[in-house]
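These notes are about the structure you will find just below.
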Amino acid sequence: MRNIYSLFFILTFLAINCENSSAEDLSLLILHNNDIHARFEETSARSGVCKPKNVKNKNCYGGFGRMAHVIRQARQEAKSGKGPHVLYLNAGDTYTGTPWFSVHKWKIVADFLNLLEPDVV
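In terms of mature numbering (1 follows the signal peptide of the UniProt record, and there is no 0), the sequence shown is residues -23 to -1, 1 to 98.
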């Protein structure tokens, strides 16, 4: 419930403080992720290791690097005026699921999320 209030507050804040004079002028790109389950590396279609043949055929998915690239690119475009305002939401379930979490526990999740700088968690 707290996340709903946070989202409402952020959207209201954006609507009030945008330089645009009317709501119809507001463009907002909402980026959202959840249920990452510590899959910080790209995976195959069946969530296994992304093997070289998968990389070659562009059959690898997800991963922290891809998320970071998309989020940073969208924010840079917004900052330069070439893209809409960006609201990045992380709905949780980022922990557990891979050896990354088994070895590094919460620290790796916190480090990765701090790099992405979500607006709402």
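Each residue gets a CB set at the ideal place from its N, CA and C atoms; glycine is no exception.
Straight-line spacing of the CA atoms in K82 and H62 works out to 33 Å. The alpha-carbon of T75 is positioned some 37 Å away from that of S4.
Bridge partners of L8 according to DSSP: Y65. Counted as a single uninterrupted DSSP element, the alpha helix (DSSP H) harbouring G42 occupies residues F41 to K56. By the Cβ test, the region 42 to 55 is not in contact with the region 20 to 31, since fewer than three Cβ pairs between them sit closer than 8 Å. DSSP places V86 in the uninterrupted alpha helix (DSSP H) bounded by W83 to L93. Straight through space, the alpha carbons of R16 and C37 are spaced by roughly 12 Å. Between G69 and V98, the beta carbon gap of about 7 Å places them in contact (Cβ cut-off 8 Å).
Here L92 has A45 as same chain residues with Cβ atoms under 7 Å from its own Cβ, once five neighbours each way along the sequence are excluded. Here T73 is not near L90, since their CB atoms are 8 Å or more apart. Counting C-beta atoms within 10 angstroms of its own C-beta, I13 has 16 or more neighbours from the protein chains shown and is therefore classed as buried. As a beta-bridge residue in DSSP terms, V97 pairs with L66.
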